[in-house]
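Here the structure is laid out as structure tokens; the discussion comes afterwards.
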Amino acid sequence: MDKGYEKERFEKLGIKTSVAERFRVFCKKLSKSQSMTLLLMLDFFEDNGISPNETLGPNMQTLESKIKKRINAVIAIIKDIEKNHDKPTTAMLQSLFMEFEPKQEKLILEKEVEEKEVLIVEKNDSSNQL
Numbered sequence: 361m362d363k364g365y366e367k368e369r370f371e372k373l374g375i376k377t378s379v380a381e382r383f384r385v386f387c388k389k390l391s392k393s394q395s396m397t398l399l400l401m402l403d404f405f406e407d408n409g410i411s412p413n414e415t416l417g418p419n420m421q422t423l424e425s426k427i428k429k430r431i432n433a434v435i436a437i438i439k440d441i442e443k444n445h446d447k448p449t450t451a452m453l454q455s456l457f458m459e460f461e462p463k464q465e466k467l468i469l470e471k472e473v474e475e476k477e478v479l480i481v482e483k484n485d486s487s488n489q490l
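If you read the sequence shown in this note's numbering, its first letter stands for residue 361, the second for the next number, and so on.
Now the structure itself:
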């Protein structure tokens, strides 16, 4: 039984035998009852604003081209944001961090070793003792 439609009574529709057989095969493919399949078909046509008399060929091509245009527009917007917003902001932040770069503090164990200039002085001693 169809959920939500249990209490409704059945109605008869006048359909040709060949059409009814084809519809039943279609219902089995969808694994739905005949009522639910017909309801899904009606919802599809109403939601998409198309008529069963129309072919979807040109409509699908125009839909595809519209989607491609929108995707290209979104890509252009993202590139513009990246170019005019992100890169300058990143550059400004980097320049700020470069100015206020903390001085490297020396480790506690590390001592300053000063290089002293060593002068060698010879003594003029006749005994040659050092």
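Note that beta-carbon positions come from the ideal geometry of N, C-alpha and C, so glycine has one too.
- Item | Closest residue to residue 366 among 374, 379 and 393 (Cα-Cα distance) | When only C-alpha atoms are compared, the closest one is 393.
- First through last residue of the alpha helix (DSSP H) which encompasses residue 408: It spans 394-408 - the alpha helix (DSSP H) in which residue 408 sits, taken as one unbroken run.
- In whole angstroms, what separates the C-alpha of residue 415 from that of residue 371? 30 Å
- Which class does residue 378 belong to by DSSP, given the choice of helix, strand or coil? helix
- For residue 405, which residues from the same chain have a beta carbon less than 8 Å from its beta carbon, with the 5 sequence-adjacent residues on both sides left out? 411 and 412
- Item | residue 412 - DSSP class collapsed to helix/strand/coil | coil
- Message: Is the separation between the beta-carbon of residue 391 and that of residue 362 shorter than 8 Å?
- Response: Cβ atoms of residue 391 and residue 362: not closer than 8 Å.
- Where does residue 370 fall in DSSP's three states? Coil at residue 370, not helix or strand.
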